[in-house]
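For reference, the structure discussed in these notes is given below.
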Amino acid sequence: MNPRAVLAECPLFVRLDPVALDALAERAELVELTSGRTLIEPGMASTSVYIVAAGRLSAVLPDGSVAGAITRLEPVGEISALSGEPAVAAVHAVRDSLLVRIPADHLYEVLTRHPQALIEMTRVIIHRLRRNQRAHHRERQRQTRCFAVVPATPAIDVTSVARRFAQALSVAAACRPVLIDAAAVDAALGTGAAQTRIDGGEHNRRLVEHLNRIEAEETHLIYVAGGDADPWARRCMRQADRILFVVDTQTPPIATAMVDELLRCGARAPVDLVMLRPGGAEPVEVLRWRERVGANSHYYLRRDHDDDYASLARQLTGRGIGLVLGGGGARGFAHIGLVRALRELDIPVDLVGGSSMGAFFAALIACGYDHHEMAHIALDTFVRQNHLNDYLFPTVALIRGRKFVRRLHEIFDERRIEALRMPFFCVSTNLTRGAAVVHDRGPLHLWVATSMAVPGVAPPVVWREELLCDGAVVNSLPTDVMQQLERGPIIASDVSTEGGIAAPGIEGPDPEGLLQIKGEERPRLFSIMFRTATLTSESGTAQRAARADVYLRMPVSKIGMFDWKRMDEVVERGYRYAIERLGDSRERLLG
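Here the sequence shown stands for residues 1 to 591, numbered as in full-length UniProt numbering.
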């Protein structure tokens, strides 16, 4: 690989004239950085600028949060080198990488002789710093180009999984993925080449150059490990931006040879647990499997369902569509209309989350119900029967809440969140600590009930000696939680109302003014309590809306919190609004 050719493609140097580029390349050299190695420590003064020729690095802040990925042709350490200030973040190799190193003193010398080069570099750096952060983050998500598909046991047909994933990836990312297995390497370099050990020898260097050459020529690669924990399996893991660890859902979380290899191979690439789960089968200890292999997430695949592979490909490449549903009592019926609009526009939903009433409808979506079934369940739950009338003497709440929890148990049965085929979360409020709590595992009906427990109306749920209640108290539209999952575009449905409750026609001050208002105009007790409880949450609406790629402020004005009997009207309002707004945004969401 020619260092000058890499520099010529790098955006930081692409506008330099050929003379300056030649001067810069005089002392540029190729260096290898193996997976897991640290290139820059926080507080360290940069003595070199690096350009990623192949591989992937990660910048990690002192608090452990990931500042971003650094991929092919991106620079490392350029700001620190030019400013003379120490680095803020640590930089690690996510996978085996090849870098072009330019000594900082040589860079200064070239810039002194070619001042125009400094101007061009500065322009590029300023442009990068000014980029829309959400768009830039999405762009980085979509730069995941190399996957390793690794079987937990030899019994898994990993080749079939890799081929199906490649087909889905070709559609999701509009690319032509290349599968690389041991046989392909041996065919190109000779028998046994794939089993070359990872060391500093000539055979290893030849294999690395071969793989880097393929990576430079192709957009997406899928490394396929065999059933044995051999040198090729280790190399697959160390060459990948993401590792897909494939497990049969009925296999208990045992220590296999491949699990041991994964844990000791030194790769820093994120691990995603992929569970092969036939229709109707319940997963076995998915959370223990995640803990054993260090996976941040898990996905379920049915062998005969292309939709499962399509959703996996979208989510792993930053194209998965996340739906966030907000809280608002009866106004939440608008979410049903939104689900209908999504189906008619053929916009897939890959993961879903919500707060309060939004948690209820998000859970129904995650369970696989369509908008017809959702409407039927909502009608039985909130309109035909009153599950909120087990009143108490008001010491901690107006109702016991037992009837409503029992109804949620009837709807969701014994489902657990981590066993849902579609990723789901809901949010509650920890009254003890004054903070939001995200529920992405455990009994579905209980955590949905917790997310809907309006303070004063229903008693808080006790959990580990602390009190949890309605998620809308601190976060009525949890787009921040969805954004942290880094799966792709976000659609947010907000059913709160601007202005809240009021007393039209009364000037006051009048302590008994509300008592003078008759009929539907008078704010009801539950509405006053809910509004009071959620004031803090509504103050952050603008920030939460800004995190969404499509923000839908549903037209639910003059719909009360407990206007259950206006369900059909609210559903229709939500549908008509969503079909118009999403129609304009469809191509952008699917692009």
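Note that CB positions come from ideal geometry on N, CA and C, so glycine has one too.
Asked: For residue 62, the nearest candidate out of 46, 80, 40 (CA to CA); Found: 40
Asked: Paired residues, beta bridge with residue 425 - DSSP; Found: 353
Asked: CB-CB length for residue 55 against residue 93, believed under 8 Å; Found: 7 Å
Asked: Inter-residue spacing [alpha-carbon to alpha-carbon] between residue 254 and residue 301; Found: 20 Å
Asked: Nearest neighbour of residue 144, chosen from 568, 215, 18 [CA to CA]; Found: 215
Asked: Span of the alpha helix (DSSP H) around residue 258; Found: 257-264
Asked: Beta bridge counterpart(s) of residue 147 as assigned by DSSP; Found: 222, 242
Asked: Assigned exposure category for residue 433 - 16 Cβ within 10 Å defines buried; Found: exposed
Asked: DSSP three-state assignment for residue 100, whether helix, strand or coil; Found: strand
Asked: Check: residue 467 C-beta below 8 Å from any heavy atom of the ligand SAH; Found: Absence of the ligand SAH from the depicted structure is noted, as is the absence of any ligand whatsoever, leaving it without description.
Asked: Backbone secondary structure at residue 431 - three-state DSSP; Found: coil
Asked: Alpha-carbon spacing of residue 125 relative to residue 84, whole angstroms; Found: 15 Å
Asked: Inter-residue spacing [alpha-carbon to alpha-carbon] between residue 25 and residue 426; Found: 53 Å
Asked: Residues that residue 493 bridges to, as DSSP identifies them; Found: 325, 552
Asked: Candidates 72, 57, 311, of which the one nearest residue 5 by Cα; Found: 72
Asked: C-beta contact flag for residue 298 and residue 260 at 9 Å; Found: no
Asked: Exposure of residue 614, with buried meaning 16 or more beta-carbon neighbours within 10 Å; Found: The question about residue 614 has no answer here: the residues shown for the chain are numbered 1 through 591.
Asked: Residue 191, buried or exposed, once every other Cβ within 10 Å from all chains shown has been counted against 16; Found: exposed
Asked: Contact set for residue 225: own chain, Cβ-Cβ below 6 Å, skip 5 residues either direction; Found: 150, 233, 236
Asked: Helix, strand or coil at residue 295 according to DSSP, with G and I counted as helix; Found: coil
Asked: Selected residue, minimal CA-CA separation from residue 383, among 58, 568, 53, 157; Found: 568
Asked: 9 Å Cβ cutoff met for residue 173 and residue 310; Found: no
Asked: Residue 506 classed as buried or exposed, judged by whether at least 16 other C-beta atoms fall within 10 angstroms; Found: exposed
Asked: Cβ pair residue 485, residue 326 closer than 9 Å; Found: no
Asked: Selection from 333, 189, 121 that minimises the alpha carbon distance to residue 559; Found: 333
Asked: With 16 other Cβ atoms within 10 Å as the buried cut-off, status of residue 462; Found: exposed
Asked: For residue 275, three-class secondary structure by DSSP; Found: strand
Asked: Segment contact flag, the stretch 176-195 with the stretch 273-293, C-beta cutoff 8 Å, min 3 pairs; Found: no
Asked: Buried or exposed (CB count within 10 angstroms, at least 16 for buried), residue 515; Found: exposed
Asked: Run of the alpha helix (DSSP H) containing residue 336, from where it starts to where it stops; Found: 334-344
Asked: Simplified DSSP state of residue 369, which is helix, strand or coil; Found: coil
Asked: Check whether residue 381 and residue 411 have beta carbons under 9 Å apart; Found: yes
Asked: Test item: CB-CB of residue 451 and residue 360 under 9 Å; Found: yes
Asked: The alpha helix (DSSP H) enclosing residue 409, as first and last residue numbers; Found: 402-412
Asked: For residue 158: DSSP bridge partner residues; Found: Looking at the DSSP assignment, residue 158 forms no beta bridge with any residue, so it has no partner.
Asked: Residue burial classification, residue 239 (beta-carbon count within 10 angstroms, cutoff 16); Found: buried
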